[in-house]
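J.: All the letters of the sequence shown, read from the start, carry residue numbers 50 to 653 under the working numbering.
Think of the CB as a built atom: it goes at the ideal place given N, C-alpha and C, for glycine as much as any other residue.
Everything numeric in this text was worked out from a predicted model, so none of it was measured.
To start, I am sharing the structure in question, which I have written as C-alpha cells.
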Amino acid sequence: MCGIVGYLGKNNTKEILLSGLKELEYRGYDSAGIAVLQDNNFANYKAVGKLVNLEEKTKDFITDGFAVGIGHTRWATHGKPTELNAHPHLGESSYVVHNGIIENYAQLKKELQEDGVTFLSQTDTEVIVHQFEKNLKNISNAFEAFEKTISELQGAYAMLIVTKSLPDTIFFAKNGSPMLVGVNENDEKFFASSDSPLIGLAKEVNYFDDGDYGYVTQDALEIFNKAGKKVEAHFVTLATDKLSAQKDGYRFFMEKEIYEQSDVIADTILGRLGEDEIIFDELDSSLFDGIHEIKLCACGTSYHSALCASYMFERYSKVRCSVEVASEFRYREPLMSKDTLFVVISQSGETADTLETLKMAKNAGLKTLVICNVDNSSMVRLADACILTRAGIEKGVASTKAFATQVTVFWMLSLYVAKRNKAFTTKELQDQIHLLREVPASVIVTDAMHERIKRLSKRYLHGHGFFFIGRDLFFPLALEGALKLKEISYLHAEGYPSGEMKHGPIALADPELFTIALLPQHLLYEKSKSNVEELSARDSTICAISPLPFDKADDFIPINSCKDYMLEFFEMMVVVQLLSLEISVRLGNDVDMPRNLAKSVTVE
Ligand code: AGP
C-alpha cells in the first residue's frame, strides 16, 4: 500500500529518501513526495505517477549537511491521485506522511475548519498536521503536542512528522500500519514501511508495535507504548541484504521469484522433515488440543492456498476444515466456537481484512495461527502461533513464491496433524515426506518449458476470456492461474471447477473462448478429461496441461510424469505462472507493478 521513508543525519538526505521510496515501489502507488528540513528551511516536492517524475522535479535540489526528511508513495484511498493529495502534507511549519486511514478525520477536519484552518487536499491525512499545529499553539512542548495529537486520532496509521518547532527531530507513531526504525554507528536514523529501504543503510532495526509513538534526534530514539510508558527498542539485525532483493538478471521480480521457488521451497522444508514426522519447532503441540475444526481465512492468492489446504486437512488429517474470504467473514456475524483453530494466511502479514478477522477470532477466544512470509508483521505479532513460509522478500505484486511456500507449509501441517490424529500410518507418513523432498526439483524452470510457453503465449493475447479449469486441489490452482492472468495481463479469466462447466459456462464455448485445462494423471483424470472433451466438442480453444498427451487440445503443455498428484500440482503451478507472465510481457504491461494493484492492501 502506501510507503513511508524517513531520514535524520548528515548524508545526502534527498538521495536516501528517493532510493528508499524506490525500494517501496512494489507496494503500489500513484503519487509520491518528499519534504526536507535543513537549516530551518523546508523543501517539498511532489509528483503524480511513477517516481521518475519526482526525481525529475528534485534534480536540482541538493541537500548537504545535517537534515531531517520524510518521503511517501501514495496509493489513493481518500481523494484522487493528484499532487495536492500527494504526501507530505503541510500545516504552517510542519509536514506529515501517513499510511493508513484516520477514521475520525471528518470530525477533526470540521472542527479545524471552524477554527479557520484551510485544507488544500481531500485526504484524511492532512488533518494530522493541522491538529498537531493546533495543539502546538496551546502546548509549547512539541512532543507533548504530538502526544496529544496521537491520542485524538482514531484508525490505522504509520506516520512521521517534521516541524520547525523542533528542526532536529522526527516524530513517529504506529498503529495498524507497518513501520520500522533503523539505526547505525553514525547516529543516523532511518524509517520505512518495510525492510528493503533500510538494507545496506541501517545496522539494526526496531519494528514498532501498535500504539508505539515517540521521536528521534541525532542522539536519541525515544519510544512510548500505547499506555504512554517509555519502552526500550527491541533491535534485530536485518535478515536480508539488498542484493537478494534485486532482480539478479531477470526481466522482472516476478520472473525471478518464479525461478527461485525451488530454492525457497527447499528453505521452507528445511529442518521440518523428519524420517516419519513433520517438525515445527515454532509450534507448541498443545495448539491443537481440543481442536475439532480448522477455519482458514485469507484474501486473494492466500485464499487460494487456503482452499488447497482444506482438501489436505480433510483428506490427510481427518479434521473438518472450512475456508473464508476475509472481507466477507468480517461482516457476516460468523458463529465461532472455541474448538476451532483459526488460521490466517498472509504473505505480507498486513492485509487489513485478514488482520481484522484475526482480531475477531482472538476476541472470541479462539486459538489462532498465522501462516506468513514477513516476520514481525502485524499478524505475526498478534497470532498465538506462527509458521513462517521463508519465501524471502516477494517484490512482484502478483504473488508466486509466497503461494508455493504457503501450499508447502499447509501440506506439511496437514501431515503434522495427521500424525497427531493417528490418521496416517508411519509408512504413509514416510511416503508423503519423500514426496515433499521432491517438490524443490518439481518447480525448477527448464529452458525448454519456458521457451515453449513464451512461444505459445502469442496465441492468447485477445479473445473474449479465459477459463482455467481443474478438479479437487486443481480447482484452487485454476483459481490462482486465473488470478495471475487477470492481475498482470488485464485479460478476463475465471477459475472454475471442471465439473461445473456444463452447468452454464459451457454456453460461452466458442473458438474465442480459451480454456486452460489442468489434467493431472493421478487425480480424477478421466473425469477431468471428459469435461474438457465436452468443451472441445463445442469448438472451444483448449490448452491442456498434463503429463499425458491429449489429442482434443489445440495446445498442449506437457509436464513431467510424476509419482503423485501433489507433484503434478507444483509442476502445473509453474506453468500457469509462466503463462500469465509471458502473455503480460507480450502485452507490454508492467509485470511487477500492475495497474490499480498494491502489494499489501492495508485498507478495507
Ligand atoms: C496476489 O497475486 C495478489 N497480489 C493479492 O491477491 C494478494 O494475494 C492478497 O492481497 C493477499 O495479500 P496477503 O497474502 O499479503 O495477505
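Considering only DSSP beta bridges, list what E253 is partnered with.
T.: Note: E253 sits in a beta bridge opposite V232, T286.
J.: Measure how close the beta-carbons of L57 and A81 come, nearest whole angstrom, since I'm counting them as under 8 Å.
T.: No, L57 and A81 are not in contact; Cβ-Cβ is about 20 Å, not under 8 Å.
J.: So, at 6 Å on beta carbons, what are the nonlocal neighbours of L202 in its own chain, with the 5 sequence-adjacent residues on each side left out?
T.: Excluding positions up to five away in sequence, the list reads I151.
J.: Tell me which residue opens and which closes the alpha helix (DSSP H) that D402 is part of.
T.: Its alpha helix (DSSP H) spans residues 401 to 412.
J.: For Q162, is the beta carbon positioned less than 6 Å from some heavy atom of ligand 1?
T.: No, ligand 1 has no heavy atom inside 6 Å of this Cβ.
J.: For F110, is the classification buried or exposed, using 16 other Cβ atoms within 10 angstroms of its Cβ as the cut-off for buried?
T.: Label assigned to F110: exposed.
J.: R364 by DSSP, collapsed to three states: which one?
T.: Three-state result, R364: helix.
J.: Please classify R123: is it buried, with 16 or more other beta-carbons within 10 angstroms of its beta-carbon, or exposed?
T.: R123 is buried by the Cβ-count criterion.
J.: Distance, Cα to Cα, N169 vs P546?
T.: The sequence shown places Leu at residue 169, not Asn. Roughly 51 Å separates the two Cα atoms.
J.: If I'm right that L86 touches V54 with Cβ under 8 Å, what's the distance once you round it to whole angstroms?
T.: No, L86 and V54 are not in contact; Cβ-Cβ is about 15 Å, not under 8 Å.
J.: Pick out whichever of S189, E196, Y299, I482 has its Cα sitting closest to the Cα of M615.
T.: Considering only alpha carbons, the answer is I482.
J.: Should G441 be listed as close to ligand 1, given that the test is whether its C-beta is under 6 Å from any heavy atom?
T.: No, ligand 1 has no heavy atom inside 6 Å of this Cβ.
J.: Report the residue ranges of all alpha helix (DSSP H) runs contained in full by the stretch 156 to 208; include only those spanning at least 4 residues, in chain order.
T.: Entirely contained in the stretch 156 to 208, the alpha helix (DSSP H) runs reaching 4 residues are, in chain order, 175 to 187, 191 to 201.
J.: Where does A294 land, buried or exposed, given buried means 16+ other C-beta within 10 angstroms?
T.: Low per-residue confidence applies at A294: pLDDT is 48, beneath 50, and the placement is therefore not dependable enough to give any value.
J.: Rounded C-beta distance between H541 and F517? I'm assuming under 8 Å.
T.: Their Cβ separation, rounded to whole angstroms, is 12 Å, which puts H541 and F517 out of contact at 8 Å.
J.: Which value, in whole angstroms, describes the spacing of the CA atoms of P596 and R486?
T.: Cα-Cα distance, rounded: 20 Å.
J.: Determine which residues share a DSSP beta bridge with T212 and list them.
T.: Answer is S143.
J.: Looking at the structure shown, is H654 part of a helix, part of a strand, or coil, going by DSSP?
T.: The structure shown does not extend to residue 654, since the chain is modelled only from 50 through 653, so no value can be given for it.
J.: So, do the stretch 381 to 396 and the stretch 342 to 352 have three or more beta carbon pairs nearer to each other than 8 Å?
T.: Yes, the stretch 381 to 396 touches the stretch 342 to 352.
J.: For the beta strand (DSSP E) containing I518, name the first residue and the last one.
T.: Run containing I518: 515 to 519, per the beta strand (DSSP E) assignment.
J.: Give a yes or no on whether the C-beta atoms belonging to M228 and F192 are separated by under 7 Å.
T.: No, the pair does not count as a contact, with Cβ atoms beyond the cut-off.
J.: Helix, strand or coil for Q267? Go by DSSP, reduced to three states.
T.: Coil at Q267, not helix or strand.
J.: Y56 by DSSP, collapsed to three states: which one?
T.: Strand.
J.: Once you ignore the five residues that flank E309 on each side, which residues in its own chain have a CB closer than 7 Å to its CB?
T.: Only K450 meet the Cβ criterion.
J.: Could you give the distance in angstroms between the alpha-carbon of R644 and the alpha-carbon of L510?
T.: So the two alpha carbons sit approximately 18 Å from each other.
J.: Can you name the residues that DSSP bridges to N93?
T.: According to DSSP, N93 bridges with A84.
J.: The beta strand (DSSP E) with T389 in it runs from where to where?
T.: Start and end: 389 to 395.
J.: What are the boundary residues of the beta strand (DSSP E) that Y545 is part of?
T.: 542 to 546 is the span of the beta strand (DSSP E), which, as asked, contains Y545.
J.: Would you be able to state if there are at least three C-beta pairs under 8 Å between the stretch 133 to 143 and the stretch 162 to 176?
T.: Result yes; three or more Cβ-Cβ pairs closer than 8 Å.
J.: If A447 and K551 are in contact, beta carbons under 8 Å, what's the gap, nearest whole angstrom?
T.: With 8 Å as the limit, A447 and K551 do not qualify as a contact, their Cβ atoms being about 31 Å apart.
J.: With a cut-off of 8 Å, do at least 3 Cβ pairs link the stretch 569 to 580 to the stretch 597 to 617?
T.: Contact holds: three or more Cβ-Cβ distances are below 8 Å.
J.: Would you kindly work out how many angstroms separate the C-alpha atoms of E529 and L567, rounded to a whole number?
T.: Going from the Cα of E529 to the Cα of L567 covers about 12 Å.
J.: Check each candidate in G249, G263, L404, E72 and name the one with the smallest Cα separation from I199.
T.: Comparing Cα-Cα distances from I199 to each of G249, G263, L404, E72, the minimum goes to G263.
J.: With a threshold of 6 Å, establish whether the CB of Q156 neighbours any heavy atom of ligand 1.
T.: No, the Cβ of Q156 stays beyond 6 Å of every heavy atom of ligand 1.
J.: In chain order, what residues of the same chain lie with their CB nearer than 8 Å to the CB of G548, ignoring the 5 residues before and after it?
T.: The residues are R520, K576, N580.
J.: Candidates L336, R501, G544: which alpha carbon is nearest V624's?
T.: Of the listed residues, the one whose Cα sits closest to V624 is R501.
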